[in-house]
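In my numbering, the protein residues as written are -17 to 194. Ideal placement from N, C-alpha and C gives every residue a C-beta, glycine not left out. The structure presented is a predicted model; accordingly, all values stated were derived computationally and were not measured.
This is how it looks when you write it as structure tokens:
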């Protein structure tokens, strides 16, 4: 089967360089346009809606992801399902700040988070272990509910955790920058539990970037 992994379109906080986390920021006009362009890319890649093999679009419940998913689902006339496990990591007191502000205000926390991601936790936020565990539960639920392909619309860090699970490798969200309104594609063999990366960070311009 194929997993079409999509990061939400741009928000005003993306543009301002602010950490969003679970703060529910909607798409801005650029983000909506990006999602519409992405719908065209997905249509070209998957061939939907004609004889589509895509069973459903699964989305984080946060507005920026769900609004992106609504545009994709409408274009392909596909079922749209909210999945709480796909929501962004809770960054606690860091939310609404830039990374530079976080480093200045929480230097010890920030450097521990950067250097030991499994240990460092944003002040008042969610651990990496918790976030990764619920991401894996979400992908297993999708595998149980689908027979064909699936579109997943979520957030940068969550998508890296999903790729870790599907591809059986270990990368930190800081190592792979997933672009706004980008499409990554993983071919997954249900019988072996192994995946293969077919595309990373394709955008409305059909630009394709390498993983390493």
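- Here DSSP, grouped into helix, strand and coil, assigns residue 12 to helix.
- Selection 72, 36 and 117 evaluated against residue 148 yields 117 as nearest (Cα-Cα).
- Sequence-distant Cβ neighbours of residue 75 in its own chain, meaning closer than 6 Å and more than five residues away, are 105 and 106.
- Beta-bridge annotation (DSSP): residue 176 is paired with 171.
- Under the DSSP definition of a beta bridge, residue 40 partners with 63 and 134.
- The C-beta separation of residue 124 from residue -13 comes to about 11 Å, leaving the pair out of contact by the 8 Å criterion.
- In the DSSP assignment, residue 126 is bridged to no other residue.
- Residue 2 is classed as buried because its beta carbon has at least 16 other beta carbons within 10 Å across all chains shown.
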